[in-house]
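Q:
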Amino acid sequence: MSSLNLAVQSPYDAIQEWIKKGEDMLKVKFPERIRALNKLVQTESLKVSTYQHSLLSILPTGDIGPNLHLESELETELGDGKSIKESVLPSNNNILTLIDLLRPRFLDLDEDFKTLELWIQFQIPRIQDGNNFGVSVQEISLAKVLNVSKKCSLFQAQVAEYFLARGRIVAKLSKHPHVADFRLAATELDRKLLFLLWQKLRDIRNQYLIMYDYLNKNLEKIKLPRGTANHNFY
């Protein structure tokens, strides 16, 4: 998240700048994100049906022997000008493409919602008795935003778990190439993640849509929780 230069700004001015940034996020950037993501979701080439060629299209069904349809060779330096070339088994390029597509969009989602978090937080007025319905709306809104941020952190963990699981299966498949269950296990693991990634792409779009709708419906209570422009910050 970009930071404000507090060395040349008073805390109050910095807060006002974040509030403006949050309003611009909701009015300008959210509609832009929604349009771009909706166009991406509707792209035929990204439909799950086009990604069903998993390990079955990478690994031949015949006698594959020790050199399991190698994608490339990895050269490792041993020192004294010596090196050794090792065979590298392929990853699923379809999955790598979707991961590369999703990762920056999860980063955008996390950044955008952290801006909204500050925008809402800075508009919560000083604690006092009575007339707190608007404040409760702010707190509910803040909880919704924080929940989306938590989901963003799960993406990288799920990707890492997939690579670990797939690596174990492919390692066994390279040693036992004629065991059909290893081949099927790798294929189903790929299909499971492809479906999950496709769902996540739609979920990112939907999170923007849902939050845009919710915040606009409750904008008055979020900006003026007690029906007055005097927030009594300090």
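Numbering (this note's numbering), first residue to last: 1126 to 1359.
Just so it is clear, CB atoms sit at the ideal spot from N, CA and C, and this is done for glycine as well.
Which residue from Ile1144, Leu1151, Ala1161 puts its Cα closest to that of Arg1330?
A: Ala1161
Q: Can you tell me which of Ile1335, Leu1334, Gln1324, Lys1346 puts its alpha carbon nearest to the alpha carbon of Phe1280?
A: Gln1324
Q: Mapping the DSSP letters down to three states, classify Phe1307 as helix, strand or coil.
A: helix
Q: Quick check: Val1262 and Pro1156, are their CB atoms within less than 8 Å of each other?
A: Taking 8 Å as the Cβ cut-off, Val1262 and Pro1156 do not qualify as a contacting pair.
Q: Where in the segment 1261 to 1317 do unbroken runs of the alpha helix (DSSP H), each at least 4 residues long, occur, reported from the N-terminal end onward?
A: none
Q: Taking 8 Å as the threshold (C-beta atoms), are Ile1245 and Ser1266 in contact?
A: yes
Q: Return helix, strand or coil for Leu1110, following the three-state DSSP convention.
A: Because the chain spans 1126 through 1359 in this model, residue 1110 falls outside it and cannot be assessed.
Q: For Ala1310, which of Leu1326, Gly1292, Leu1340 has the nearest alpha-carbon?
A: Residue Gly1292 is the option with its Cα nearest to Ala1310.
Q: Roughly how far, in whole angstroms, is the beta-carbon of Asp1315 from the beta-carbon of Ile1224, given that I think they are within contact range, below 8 Å?
A: Actually they are not in contact, since the Cβ atoms of Asp1315 and Ile1224 sit about 12 Å apart, beyond 8 Å.
Q: Measure the C-alpha to C-alpha separation of Arg1109 and Leu1214 and round it to an integer number of angstroms.
A: What is shown of the chain runs 1126 to 1359, which leaves residue 1109 out entirely.
Q: Measuring only the C-alpha atoms, how far is Lys1146 from Glu1242?
A: Roughly 11 Å between the two C-alpha positions.
Q: Evaluate Asp1338 with the Cβ neighbour count: other Cβ atoms within 10 Å of its Cβ, from every protein chain shown; 16 or more gives buried, anything less gives exposed.
A: exposed
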